[in-house]
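Asker:
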Amino acid sequence: MATASPTASRTVPPGPPPAAPRPPRPAGTRLPRPPDLVLAGFVCFLMCVAWRLPWLGDLGQHAAVIERLTQDLTDPGSPLVKRPGDSSPYYTPYTVLAALLARLTGLSAFATLSVCAGVNGLALVVGLRCFVRTLSRSAWAPVCAVLFMVFLWGTHLFLWSGHTSLSALCLSLSYPSTFAFSLGLYLWARLMRATRGRAGVRHWALTGLLTGMLVLIHPVMAMGALIGCAAVCAGTVRGRGRHTLARGAAATAGAVLPLLLWPYGNVLSVPDSSALDHFHVSAYQAVPERYGLALLAVPVLLLRLRRSRRDPLVLLCLGTAAVAAAGWWTGHYTWGRVLPYLMLGLQCALAVEVCAPWPRARAARTGRALLAALLAVALPLGAWAQAGTLLHLLPAGALPRAFTARVQFLPTWPGWEWAMHHVRRGDVVLTNHYLASRMLPGYGAYTVMPAWPQPEIPAAESARRATDVARALNGRTDAFLRRKAVCGAKADWLLLTWNQSIPPGQGFFTVATGPDKSRLVRVELHC
1 MATASPTASR TVPPGPPPAA PRPPRPAGTR LPRPPDLVLA GFVCFLMCVA WRLPWLGDLG
61 QHAAVIERLT QDLTDPGSPL VKRPGDSSPY YTPYTVLAAL LARLTGLSAF ATLSVCAGVN
121 GLALVVGLRC FVRTLSRSAW APVCAVLFMV FLWGTHLFLW SGHTSLSALC LSLSYPSTFA
181 FSLGLYLWAR LMRATRGRAG VRHWALTGLL TGMLVLIHPV MAMGALIGCA AVCAGTVRGR
241 GRHTLARGAA ATAGAVLPLL LWPYGNVLSV PDSSALDHFH VSAYQAVPER YGLALLAVPV
301 LLLRLRRSRR DPLVLLCLGT AAVAAAGWWT GHYTWGRVLP YLMLGLQCAL AVEVCAPWPR
361 ARAARTGRAL LAALLAVALP LGAWAQAGTL LHLLPAGALP RAFTARVQFL PTWPGWEWAM
421 HHVRRGDVVL TNHYLASRML PGYGAYTVMP AWPQPEIPAA ESARRATDVA RALNGRTDAF
481 LRRKAVCGAK ADWLLLTWNQ SIPPGQGFFT VATGPDKSRL VRVELHC
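FYI, the numbering for the sequence shown is 1 to 527, going by full-length UniProt numbering.
The following block contains the structure:
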């Protein structure tokens, strides 16, 4: 007969009561992760930037485009000069939607651009996150990509439309080029997922439609985006079967359709126009100082090329570098607008490599540590180059004078409200004042000679307009020819700099003087 074990008769002391089970989390809810919180914080920062846009660069032109569309959506005419005829290729889906927003809300063109800047900031971060997540499983890779995108450029300040450095974003966040850049990132992510999965014909047709809209929004920036699309397809598409051809045909049809149906100017005339080349030559100057920090990614690209000859980032960098070099070689400097995509390819390659799992090989670990050390030096240098942005974002006098004296920045242009108290919308102002010619169209006025090339204006007419402006403002020209030039330009106002004289004779009346001693002169001539 079995006996009971002595240990079995011992009493177990009572322990703590079991913890109550946690209530189940509702389906579909998930706490935001730290990387997502960081990205959300950067979006909030860009939202703050949107409401403090400094008036520099091309802001007046984009405001003028919205102003014309707000006044007449079907036949707005040229945005900068008062002339009938073909509409401008600057009328794009982006500016049409902005004009509709202005008409519905009653916002001014500049307030509308601030709203557009907020939308662009959100679109940029979301597009970059979608693309980087197709390249890396790390949740921190998009955060590093954003950090590198805004700071890893160069040690010399360079502000240009379409660039994504922090200073350039604070200048051009509201521009169509920024939205086009963001849409290109989303297209790349969409293509990456489509080529890796089994997306149907509808998915590819919608992707093509978005590509056509991208071309309409900014055909110059679309060059780099299309190179990226080709790099993604070349790196991920496998096989040439019937299904592949059908998807390619659907995407092509979707891309061509909006180009054929667009009722405004021919946007395809902009990338091929040589009139913009003299503007873009500066993108090729001081290359090491403006882009040098991103060259840290070259060894990373070589490593990616060794792993796969069809790596999308490698193909993107090679394709954009080839187009940029061709632009330099041929003198068609407008092709230099692909440089932001080249920089993005380098920056994304660094972000993916830094966030990759720590390698096991000793040589690989040494290389990763060296890369991290170099980035620890390069990022502060790039951030210091962008530090002048704080002068645009913070109130005047908020920063010490010692800081403002050392950082690189461009001063904000002054406003021209003093002149627009007298000039009405639709009036023609004859001037060669650098700032006035770029800012007055944003208030609703026209200029005789546009400050930016307008493809819809024939070359002969542009030459005639330039001659009228030069004759009307040249004090050494005969008085009769000066008055004749003013009549030929159909000018309602003259805006003269401090050293320019009023044409002799009657019919000219000075009505206001600006802070820089420029004068606004009303024209009352019987031509």
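We put the CB at the ideal spot given by N, CA and C, even for glycine.
1) Using a Cβ-Cβ cut-off of 7 Å (strictly less than) and excluding sequence neighbours within five positions of His203, which residues of its own chain qualify?
2) Are there three or more Cβ pairs, one per stretch, closer than 8 Å when the segment 97 to 115 is compared with the segment 458 to 476?
3) Could you tell me the boundaries of the alpha helix (DSSP H) in which Val300 lies?
4) Counting only runs that start and end within the segment 393 to 449, where is the alpha helix (DSSP H) found for 4 or more residues in a row?
5) Using only the alpha-carbon positions, how far apart do Ala19 and Pro34 sit?
6) The beta strand (DSSP E) spanning Trp493 covers which residue range?
7) With distances taken from CA atoms, which of Val81, Thr211 and Arg362 is nearest Leu259?
8) For Ala372, which residues from the same chain have a beta carbon less than 6 Å from its beta carbon, with the 5 sequence-adjacent residues on both sides left out?
9) Are at least three pairs of beta-carbons, each pair with one atom in the segment 146 to 158 and one in the segment 72 to 88, less than 8 Å apart?
10) Helix or strand or just coil, what does DSSP make of Phe110?
11) If we count the other Cβ atoms within 10 Å of its Cβ and call it buried at 16 or more, is Asn499 buried or exposed?
12) If we ignore side chains and look at the alpha-carbon of each, how far apart do Gly367 and Leu296 end up?
13) Write down the C-beta distance between Arg520 and Leu495 rounded to the nearest angstrom, noting that I regard them as a contact closer than 8 Å.
14) Flag this pair as yes or no: are the beta carbons of Gly60 and Met439 separated by less than 7 Å?
15) What separation, rounded to the nearest whole angstrom, lies between the Cα atoms of Met221 and Leu185?
16) Would you say His62 and Pro340 are within 7 Å of each other, going by their C-beta atoms?
17) Does the distance from the C-beta atom of Ala326 to that of Leu342 stay below 7 Å?
18) Can you tell which of Val132, Arg137, Arg424 and Thr155 has its C-alpha closest to the C-alpha of Ala145?
19) Report the rounded CA-to-CA distance for Asn432 versus Val267, giving the unit in angstroms.
20) For the putative contact between Ala251 and Gly200, defined by C-beta atoms under 8 Å, what is the C-beta separation to the nearest angstrom?
21) With distances taken between CB atoms, is the gap from Leu216 to Pro453 smaller than 7 Å?
22) Looking at Thr112 and Ala123, is the spacing between their C-beta atoms short of 7 Å?
23) Can you tell me whether Thr236 is helix, strand or coil according to DSSP?
24) Is it buried or exposed, Phe509, if we count other Cβ atoms within 10 angstroms and call 16 or more buried?
25) Which of the three DSSP states, helix, strand or coil, is assigned to Thr105?
26) Closest to Met192 by CA distance: which of Leu313, Arg290 and Met449 is it?
27) Using only alpha-carbon positions, find the residue among Trp160, Ser182 and Leu183 that is nearest to Ser172.
28) To the nearest angstrom, report how far apart Cys229 and Gly336 are at their CA atoms.
29) How is Thr513 classed by DSSP in three states: helix, strand or coil?
30) With C-beta atoms as the reference, is Thr155 less than 7 Å away from Ala385?
31) Report all residues from its chain with a CB closer than 7 Å to the CB of Pro504; omit the five preceding and five following residues, and keep chain order.
32) Near Ser138, which residues of its chain fall below 6 Å by C-beta distance, leaving aside the five closest residues on each side in sequence?
33) By Cβ distance, which residues of its chain are closer than 7 Å to Asp468, with the 5 residues on each side in sequence left out?
34) Rounded to the nearest angstrom, what separates Ala378 and Pro515 at their Cα positions?
35) Would you report the Cα separation of Tyr91 and Thr330, rounded to the nearest angstrom?
36) If you draw a straight line from the C-alpha of His278 to the C-alpha of Leu157, how long is it?
Answerer: Taking the definition as stated:
1) The count along the sequence shown starts at 1 and reaches residue 203 at position 203. Answer for His203: Ala194, listed in chain order.
2) Result no; under three Cβ-Cβ pairs closer than 8 Å.
3) On the sequence shown, position 300 is the one that residue 300 refers to. For Val300, the enclosing alpha helix (DSSP H) covers residues Val298 to Arg307.
4) Segments of the alpha helix (DSSP H) lying fully in the segment 393 to 449: 401 to 404, 417 to 420 and 434 to 443.
5) Position 19 of the sequence shown holds residue 19. Position 34 of the sequence shown holds residue 34. Interpretation of Ala19 is limited by its pLDDT of 49, a score under 50 that renders its predicted location unreliable; the figure taken from the coordinates is listed afterwards. Ala19 and Pro34: Cα-Cα distance of roughly 28 Å.
6) The count along the sequence shown starts at 1 and reaches residue 493 at position 493. Counting along the chain, Trp493 sits inside the beta strand (DSSP E) bounded by residues Trp493 to Leu496.
7) The sequence position of residue 259 within the sequence shown is 259, counting from 1. Looking from the CA of Leu259, the closest CA among Val81, Thr211 and Arg362 belongs to Thr211.
8) In the sequence shown, counting from the first residue as 1, residue 372 sits at position 372. In its chain, beyond the 5 residues on either side, no residue has a beta carbon closer than 6 Å to the beta carbon of Ala372.
9) Per the Cβ contact rule, the segment 146 to 158 is not in contact with the segment 72 to 88 (fewer than 3 Cβ pairs under 8 Å).
10) Counting from one through the sequence shown, the residue named residue 110 turns up at place 110. In the structure shown, Phe110 sits in a helix (DSSP, three-state: H, G or I).
11) Taking the first residue of the sequence shown as 1, we reach residue 499 at position 499. Around the beta carbon of Asn499, fewer than 16 other beta carbons sit within 10 angstroms, so the residue counts as exposed.
12) Locating residue 367 in the sequence shown gives position 367, counting from the first residue. Locating residue 296 in the sequence shown gives position 296, counting from the first residue. Straight-line measurement puts the Cα of Leu296 at about 12 Å from the Cα of Gly367.
13) Residue numbering aside, residue 520 sits at position 520 when the sequence shown is read from its first letter. Residue numbering aside, residue 495 sits at position 495 when the sequence shown is read from its first letter. In the sequence as presented, Arg is not what sits at residue 520; that position holds Leu. Indeed they touch by this definition, with Cβ atoms about 6 Å apart.
14) Against the sequence shown, residue 60 aligns to sequence position 60. Against the sequence shown, residue 439 aligns to sequence position 439. Contact flag set, yes.
15) The count along the sequence shown starts at 1 and reaches residue 221 at position 221. The count along the sequence shown starts at 1 and reaches residue 185 at position 185. Taking C-alpha positions only, Met221 is separated from Leu185 by approximately 12 Å.
16) By 1-based counting over the sequence shown, the position of residue 62 is 62. By 1-based counting over the sequence shown, the position of residue 340 is 340. For the 7 Å CB-CB criterion, His62 and Pro340 do not form a contact.
17) The count along the sequence shown starts at 1 and reaches residue 326 at position 326. The count along the sequence shown starts at 1 and reaches residue 342 at position 342. Note that the C-beta distance between Ala326 and Leu342 is not below 7 Å.
18) For the purposes of this step, residue 145 is taken as the residue at position 145 of the sequence shown. It is Val132.
19) As a working note, residue 432 is residue 432 in the sequence shown. As a working note, residue 267 is residue 267 in the sequence shown. Each residue's alpha carbon lies about 28 Å from the other.
20) Locating residue 251 in the sequence shown gives position 251, where the first residue counts as 1. Locating residue 200 in the sequence shown gives position 200, where the first residue counts as 1. At roughly 12 Å, the Cβ-Cβ gap does not stay under 8 Å, so Ala251 and Gly200 are not in contact.
21) Within the sequence shown, the letter at position 216 stands for residue 216. Within the sequence shown, the letter at position 453 stands for residue 453. With a cutoff of 7 Å on beta-carbon distance, Leu216 and Pro453 are scored as not near each other.
22) To locate residue 123, count along the sequence shown from 1; it is residue 123. To locate residue 112, count along the sequence shown from 1; it is residue 112. The criterion of a C-beta distance shorter than 7 Å is not satisfied by Ala123 and Thr112.
23) Position 236 of the sequence shown, counted from the first residue, corresponds to residue 236. Annotated three-state conformation of Thr236 is helix, per DSSP.
24) Residue mapping note: residue 509 aligns to position 509 of the sequence shown, counting from 1. In this structure Phe509 is exposed. Its beta-carbon is surrounded by fewer than 16 other beta-carbon atoms within 10 angstroms.
25) Locating residue 105 in the sequence shown gives position 105, where the first residue counts as 1. Three-state result, Thr105: helix.
26) Along the sequence shown, one-based indexing puts residue 192 at 192. Checked all of Leu313, Arg290 and Met449; the closest Cα to Met192 is Leu313.
27) Residue numbering aside, residue 172 sits at position 172 when the sequence shown is read from its first letter. Residue nearest to Ser172 within the set Trp160, Ser182 and Leu183 is Trp160 (criterion: CA-CA distance).
28) Here the question's residue 229 lines up with position 229 in the sequence shown. Here the question's residue 336 lines up with position 336 in the sequence shown. Spanning the two alpha carbons is a distance of roughly 18 Å.
29) One-based indexing of the sequence shown puts residue 513 at position 513. Residue state, collapsed to three classes: strand.
30) For the purposes of this step, residue 155 is taken as residue 155 along the sequence shown, with counting starting at 1. For the purposes of this step, residue 385 is taken as residue 385 along the sequence shown, with counting starting at 1. Between Thr155 and Ala385, the C-beta spacing is below 7 Å.
31) The residue given as residue 504 occupies position 504 in the sequence shown. Cβ neighbours of Pro504 beyond the five flanking positions: Ala479.
32) Position 138 of the sequence shown, counting from 1, holds the residue named residue 138. Close CB contacts of Ser138 within its chain, under the 6 Å cut and outside five residues either way in sequence, are with Cys355 (chain order).
33) Within the sequence shown, residue 468 is the residue found at index 468, counting from 1. Take Asp468, set aside five residues on each side of it, and the residues of its chain with a beta-carbon closer than 7 Å to its own are Val448, Ala485, Gly488 and Ala489, in chain order.
34) Within the sequence shown, residue 378 is the residue found at index 378, counting from 1. Within the sequence shown, residue 515 is the residue found at index 515, counting from 1. Their Cα atoms are separated by approximately 42 Å.
35) Taking the sequence shown and counting its residues from 1, the one referred to as residue 91 is at position 91. Taking the sequence shown and counting its residues from 1, the one referred to as residue 330 is at position 330. Near 29 Å, if we compare the C-alpha coordinates of Thr330 and Tyr91.
36) For this step, residue 278 is matched to residue 278 along the sequence shown. For this step, residue 157 is matched to residue 157 along the sequence shown. His278 and Leu157 have their C-alpha atoms roughly 20 Å apart.
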